[in-house]
Structure formats: C-alpha cells, structure tokens
Amino acid sequence: MKQNLFSPKEVDLGQLKVGQTTKIVFQSEDSAPPVRSVTASCGCSKPVHKDGVITVTYKPQPIPAHLKDQGSYIATKFITVLYKGREQERLSFKAKVIA
C-alpha cells in the first residue's frame, strides 16, 4: 500500500452543527497512479473524484440518543481510494458535531 498520495491525509473540521453541509478537498500528488474508485465509510459523506482532486460533501447526522445529554459527539469518517491495480489509501476527517 502506497502512502500519502493525497494530501492532506487527515482533516480536522473543528465544530459543525447537525445538518451543516461542509466540503473537504483532498489533492493528489503528481506521482499518484490512476484512481479506480473512491468510497465513503458512511452515507453522510459523498466523495467525488475528478482530475486528481477528491471533493467530499459531508452533512453531520443528528446526535445519537445515548449522547443527547452531552450535546455533541465526535464524528470520524474515512474515504478509501482504490487505485488501478490493488493499492489503496485511506483518508480521514473528523468534526465535533453539536446540536
């Protein structure tokens, strides 16, 4: 598995409100092989790959019932990049989600 073909590898979005749509951009390095597919770890993240750039649209979901008393949760999401051949890379982002 090759490492760091996209940058940044991890993004901290800080604090987001439930339902607040945010875009995250990952830029490929010049040496990156062709991308076969890009997938998200959940349905609240929508990745799109075009011309060496992955743009992810993220919309935080409501606070889970067991965390309502604390008023927030930390969301950590992953984007898996599958290159032609069998190599892959995992990118991530996180946010503190508030009501």
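So for the sequence shown, our numbering puts the first residue at 94; every next one is plus one. By construction, the Cβ of each residue, glycine as well, lies at the ideal position given by its N, Cα and C atoms. All of these numbers come straight from a predicted model, not from anything done at the bench.
Secondary structure of residue i, DSSP reduced to three states
i    : result
A158 : helix
Q163 : helix
T148 : strand
S100 : strand
Distance CB(residue i)-CB(residue j) smaller than 8 angstroms
i    : j    : result
C137 : P153 : yes
E182 : L98  : yes
V111 : V190 : yes
F186 : I147 : no
V141 : I172 : no
A188 : G164 : no
Limits of the beta strand (DSSP E) - the one that residue i falls within
i    : result
Q113 : Here Q113 belongs to no beta strand (DSSP E), and DSSP marks it neither H nor E.
K143 : S138 to K143
Reference residue i; option with closest CA among the options
i    : options                   : result
E122 : A133, D144, R129 and P157 : D144
L109 : L175, Y151 and K139       : Y151
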